[in-house]
Amino acid sequence: MHWIPLLLFIDFSRPMEFCMKMMPPEDVGYTTEEPMGLTTLTSFTEATTEPLTTVTMREKPTTPVEEEPTTPVDEEPTTTMVEDDCTVCNIDDVLLPEDMGMKKVPTLVMKTNDTADGCIQQIVGCMSPAPCNEFAYLYADTPSVNEQLIKHDLTNTEAILTCQKDGTWSLGAVTEIMTLYCAYSLC
């Protein structure tokens, strides 16, 4: 039983070792110039000593309106139904908008059949780029865990996400998904 966390640690850390891009030493240089876009504050704005002008607005006179006596109407109690939020999830809200280093935009996004209770579902997948042909990993960031592995397989992987009644996406025990992205080993 104690070997499972060790095996998971080795499995999770393996793709991180191989996907690091290195720059040759001749491409690295140092400069003494300031980065573009940064400016320094050289002077302060002086405060004015002129008095502020105040404008008073007068309310328009209104004529009193006589109210007619109304008889109370017996109304039946109404119940407001809470709308199911599991039909309004937008998959674009949780997909990585653009590649960020080792984090890659998922290559497959496709709507699939709704659940029995009408909640929408989406298939999200990762396919290794042509030169890689190695393991594809699908990760999710949640409020409690960053980089939680959802699924991995050789060359491509996919998962079916379900919109929950609280308006968030989930897959099995992975709930409240905030960001989805792919990673590939040996790319």
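Numbering (mature numbering (1 follows the signal peptide of the UniProt record, and there is no 0)) for the sequence shown: -15 to -1, 1 to 172. Where a beta carbon is used, it is the ideal one built from N, C-alpha and C, also for glycine.
- Minimum Cα-Cα distance from G103 among the listed residues N118, V79, S170 and T72 corresponds to T72.
- For L134, the closest C-alpha among the options I76, D78, D99 and Y166 is that of Y166.
- According to the DSSP assignment, Q107 belongs to the beta strand (DSSP E) that extends over Q106 to M112.
- The three-state reading of DSSP puts T127 in coil, since its state is none of H, G, I, E or B.
- For E143, the pairing in a beta bridge is given by DSSP as G110.
- Shown here, D138 sits in a strand according to DSSP, grouped into three states.
- In the DSSP secondary-structure assignment, M95 is bridged to I108.
- For A115 against H137, the beta-carbon gap comes to about 19 Å, at or over 8 Å, which does not count as contact.
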